[in-house]
Amino acid sequence: MSSIKGIAASNGIAIAKAYRMEVPDLSYDKKDVDNPDKEVERFHEALDTSKQELEKIKNHALESLGEEKAEIFSAHLLVLSDPELIQPITDKIKNENVNAESALDETANMFIDMFKNMDNEYMRERAADIQDVTKRVMAHLLGVTFPDPALIDEEVVIVAEDLTPSDTAQLNKEFVKGFTTDIGGRTSHSAIMARSLEIPAVVGTKEVTGTINKDDMVIVDGIDGEVIVHPTDEQIETFKQKQARFEEKKEEWAKLKDEATVTSDNQHVELVSNIGTPDDVAGVLNNGGEGVGLYRTEFLYMGKSQLPTEEEQFEAYKSVLSQMKDKPVVVRTLDIGGDKELDYLDLPDEMNPFLGFRAIRLCLERDDIFRTQLRALLRASVYGNLKIMFPMIATLEEFRQAKSILEEEKQNLQNEGTDVSDKIEVGIMVEIPATAVMAKQFAKEVDFFSIGTNDLIQYTMAADRMNERVSYLYQPYNPAILNLINNVIEASHAEGKWTGMCGEMAGDEIAIPILLGLGLDEFSMSSTSILPARTQILSLSKEEMASYKDEILSMGTSEEVVEFVKSKAALQ
1 MSSIKGIAAS NGIAIAKAYR MEVPDLSYDK KDVDNPDKEV ERFHEALDTS
51 KQELEKIKNH ALESLGEEKA EIFSAHLLVL SDPELIQPIT DKIKNENVNA
101 ESALDETANM FIDMFKNMDN EYMRERAADI QDVTKRVMAH LLGVTFPDPA
151 LIDEEVVIVA EDLTPSDTAQ LNKEFVKGFT TDIGGRTSHS AIMARSLEIP
201 AVVGTKEVTG TINKDDMVIV DGIDGEVIVH PTDEQIETFK QKQARFEEKK
251 EEWAKLKDEA TVTSDNQHVE LVSNIGTPDD VAGVLNNGGE GVGLYRTEFL
301 YMGKSQLPTE EEQFEAYKSV LSQMKDKPVV VRTLDIGGDK ELDYLDLPDE
351 MNPFLGFRAI RLCLERDDIF RTQLRALLRA SVYGNLKIMF PMIATLEEFR
401 QAKSILEEEK QNLQNEGTDV SDKIEVGIMV EIPATAVMAK QFAKEVDFFS
451 IGTNDLIQYT MAADRMNERV SYLYQPYNPA ILNLINNVIE ASHAEGKWTG
501 MCGEMAGDEI AIPILLGLGL DEFSMSSTSI LPARTQILSL SKEEMASYKD
551 EILSMGTSEE VVEFVKSKAA LQ
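Numbered per the UniProt record's numbering, the sequence shown spans residues 1 to 572.
In C-alpha cells:
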C-alpha cells in the first residue's frame, strides 16, 4: 500500500482498478518488405479496426453526450474512408516495397503539410483530422493500445499525466468512477469538468503515472485529496464507509434542492451553476440550481475540425434556455486562446498566450466568428431568460465595440423578421485588474458584472495558476483580491446593477461568508457544490458577515483572513 497526496478536485470516493491513459510510443523503423500484398492487407486490417473503434466511440458519444460531441467522430470516419488518402498509402507500399508504417506516416504527413499550407480555411482544418485518425491506425499497425476513454466499458479509475477537455468530455461516469492526474489544480479544466460530471478526482499529484500500473487497485479520495494504491482489505472497507457517509450527506443536502437560498436574517442570494454543454443542465436542476451563472460556450468549438455553424449553436443555446425555462442563463461568448486552443483556427504561437490574442480580443478581430455566435444567441433568446457576457474585457472601448456588434446583429435579425427578446441583459466578466479598478465607469454602461476569480487572481498576483512553483501565490483570500472584488460590487450597487461570481471561489466554504459580507448577489459554481453551499448560507447572517467587512479588507495577509473567518464561522 502507498498513499499519494494531491489536490482534491472533485468530491467523492472512487474504488476501482487503474486504467492508465497515455499516448503509446508510435515510433517505427522503415523497412523493405518481400510481400507488399500482405503488407497492404495488414494496413487494411488496421484501418478496419480503427473504423470499428471510431464507430463505437461515436455511438457512445451520441448516447451520453449528444449529437454535437459525436460529430467529431463522424468527421474522423470520413477521413478513414477517403480514397484520396488511402489509395496513395497502398500504392506506396506496392510501388516502393516498404512497410505499412512508413507508407502511412509519410503519406499522412504529406497531406497534413499540404492542408496546413492551403489558403482555404476548411481545407486547413482537415490536417487535424488526418493527424488524429492516422495515429490510431499507426497504433494498430504497431500492435500498441491507443487509449479511448469513451470505449471504457468496465469500472475503472483513470490515471493520466493530464486530461484534455475533450478527453474529459468523453468520460462515461457509469464506468469511470474517478480519475487522478500528475498535473493540474482545482481550476484546471479537467477538474472543472470532473465536478460537472460528478466524478471524484484528485489532481496535481506529480507522481501517479510513475507509481500506478495498469489494473492496480486504487482508491481516489476526492474529499481529502488522497490516492491509495494497493489498499488493504481494511482500507477498502474504511473508504467504503467514508463513501457511504458522503452519500448520506448528499441525501441530506438533497432535501434542500427546492429551497430558496436565504440567510438566517432573511436575505436572499442566488445560487447558480457553471456549465459547459446543454447536457449539464440536468445536473443544475437536480442540484437545485436557481439558474446558470456561466455557460462556457467554447466546448461547442472544441473537439471539432471546423467552426460550429449558426444553426448548431442556435440549437445548443435554445436547448439550455428551454430546459431552464424562466430561470436566468448567463452565456459567456467565445473564450478561446490561452490554454484553450483550436487547431483549426491555426492561431500563431505566442510568448504569453494567457496575456495574448484570446477571448474578446480574438472575437473583435474575427468578427465573422463573433457575429455567427451572437446571431445564434439572439435567435435563441426568445426561448428563455438570456443574459450575454463578454469575457476578458479590459477597456470600455472593447465593451462598446462588442455591444455595438451585438446591436447590429439584433437589428439585422429583426429586419429579416426574426423574433429577438427585448429583455437581454448584457454584462462583462471581470477578470482583469484594470477592469476591477475601473468598475465605477463600467457600471454605468453594463447591465451586470460577473467576477472570474480564476484569472483575476493570477493576473493580480502575476502568477500562472497552472505553475506549481508559484502556486503559493494563488491566494483567493488575499486582501488585494478581496478589495478588488469589493470595488466591483460597490460600483455595481451604486448604479443599481448586480454582481455575480463565476470563478471557483464562489463555491469555497471559506470565501462564501466573506463574499456574503461584501454583498455579492449571485454565486455561480459547479452544480455539485450548490447544495453544500446552500446548507452553509442558510446558517449565516448576511448582516453579521457585513459587519466584519472593513476589518477583513484592512488585513495584511491571506492567512489572517482565513484565521479570522474560521473563528467567526465557528460562532455561527
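Idealized CB from N, CA, C, for every residue including glycine.
Worksheet item: Where do the N-terminal and C-terminal ends of the alpha helix (DSSP H) with Val218 fall, by residue?
Response: Val218 -> not in any alpha helix (DSSP H); beta strand (DSSP E) instead, spanning Met217 to Asp221.
Item to complete: Would you mind stating whether Lys17 and Val269 have Cβ atoms separated by less than 8 Å?
Response: no
Worksheet item: Do three or more CB pairs link the segment 172 to 182 to the segment 218 to 236 at distances below 8 Å?
Response: yes
Item to complete: Look up Thr179 in the DSSP assignment and give the residues it is bridged to.
Response: Before going further, note that residue 179 is Phe rather than Thr in the sequence given. For Phe179, which the question treats as bridged, DSSP gives the partners Ile158 and Ala201.
Discussion item. With H, G and I counted as helix, E and B as strand and the rest as coil, what does DSSP make of Ser81?
Written reply: Coil.
Discussion item. Tell me which residue opens and which closes the beta strand (DSSP E) that Ser322 is part of.
Written reply: Premise fails: Ser322 lies in the alpha helix (DSSP H), Glu310 to Met324, not in any beta strand (DSSP E).
Worksheet entry | Nearest to Glu226 (by Cα), restricted to the options Pro200, Glu365, Ala491 and Asp233 | Pro200
Worksheet item: By how many angstroms is the C-alpha of Ile130 removed from the C-alpha of Phe523?
Response: 43 Å
Worksheet item: When we look at the beta-carbon of Gln313 and count the other beta-carbons within 10 Å, is it buried (16 or more) or exposed?
Response: buried
Item to complete: Please classify Asp32: does DSSP put it in a helix, a strand, or coil?
Response: strand
Discussion item. Report the CB separation of Ile530 from Gly289 in whole angstroms; it is logged as a contact under 8 Å.
Written reply: 5 Å
Worksheet item: Around the Cβ of Glu121, are there at least 16 other Cβ atoms within 10 angstroms (buried) or fewer (exposed)?
Response: With a pLDDT of 48 at Glu121, under the threshold of 50, the predicted position of this residue should be treated as unreliable, and no value is reported.
Worksheet item: Does the segment 464 to 483 touch the segment 416 to 428, meaning 3 or more C-beta pairs lie closer than 8 Å?
Response: no
Discussion item. Taking the beta carbon of Leu141 as the centre, do at least 16 other beta carbons fall within 10 Å, making it buried, or is it exposed?
Written reply: buried
Worksheet item: What are the boundary residues of the beta strand (DSSP E) that Leu294 is part of?
Response: Val292 to Arg296
Discussion item. Assuming Ser547 is part of the alpha helix (DSSP H), what are its boundary residues?
Written reply: That run of the alpha helix (DSSP H) goes Lys542 to Ser547.
Worksheet item: Secondary structure at Leu171, three-state DSSP: helix, strand or coil?
Response: Here Leu171 sits in coil by DSSP.
Discussion item. Quick check: the segment 151 to 159 against the segment 89 to 106, are at least 3 beta-carbon pairs closer than 8 Å?
Written reply: no
Worksheet item: The beta strand (DSSP E) spanning Ala18 covers which residue range?
Response: It spans Ile13 to Arg20 - the beta strand (DSSP E) in which Ala18 sits, taken as one unbroken run.
Practice prompt. Using beta-carbon positions only, say whether Gly503 and Thr435 come within less than 8 Å of one another.
Written response: no
Discussion item. Can you give me the C-alpha to C-alpha distance between Ala533 and Gly507, rounded to a whole angstrom?
Written reply: As the crow flies, the alpha-carbon of Ala533 is around 6 Å from that of Gly507.
Practice prompt. Mind checking which residues open and close the alpha helix (DSSP H) that includes Val420?
Written response: Here Val420 belongs to no alpha helix (DSSP H), and DSSP marks it neither H nor E.
Worksheet item: From the DSSP output, which residues share a beta bridge with Met429?
Response: Answer is Ser450.
Worksheet item: Which residue spans inside the segment 224 to 310 form an unbroken alpha helix (DSSP H) run of at least 4?
Response: 233 to 254 and 281 to 286
Worksheet item: Should Asn95 be listed as close to the ligand NAP, given that the test is whether its C-beta is under 7 Å from any heavy atom?
Response: The ligand NAP is not among the ligands present in this structure, which contains no ligands whatsoever.
Worksheet entry | Nearest-angstrom Cβ-Cβ length linking Gly500 and Gly276, presumed shorter than 8 Å | Gly500 to Gly276, Cβ: 18 Å. No contact.
Worksheet item: Tell me which same chain residues have a C-beta within less than 6 Å of the C-beta of Leu456, skipping the five on either side of it?
Response: Glu431
Practice prompt. Look up Ala332 in the DSSP assignment and give the residues it is bridged to.
Written response: The question names Ala, but residue 332 in the sequence shown is Arg. According to DSSP, Arg332 bridges with Arg296 and Met389.
Practice prompt. Could you round the C-beta distance between residue 573 and Leu80 to whole angstroms and report it? I think they count as a contact, below 8 Å.
Written response: Residue 573 lies beyond the range of the chain shown here (1 to 572); nothing can be said about it.
Worksheet item: Nearest to Lys325 by alpha carbon, out of Phe442, Lys257 and Leu285?
Response: Leu285
Practice prompt. Taking all protein chains shown into account, decide if Leu355 is buried (16 or more other Cβ within 10 angstroms of its Cβ) or exposed.
Written response: Per the 10 Å Cβ criterion, exposed.
Fill in: Cα-Cα separation, Asp215 to Lys327
Spanning the two alpha carbons is a distance of roughly 45 Å.
Worksheet item: Should residue 599 be labelled buried (16 or more other beta-carbon atoms within 10 Å of its own) or exposed?
Response: Since the first residue shown for the chain is 1 and the last is 572, residue 599 is missing from the structure and cannot be characterised.
Worksheet entry | Cβ distance (whole Å) where Leu413 is taken to contact Arg375 below 8 Å | 6 Å
Worksheet item: Near Asp233, which residues of its chain fall below 6 Å by C-beta distance, leaving aside the five closest residues on each side in sequence?
Response: none
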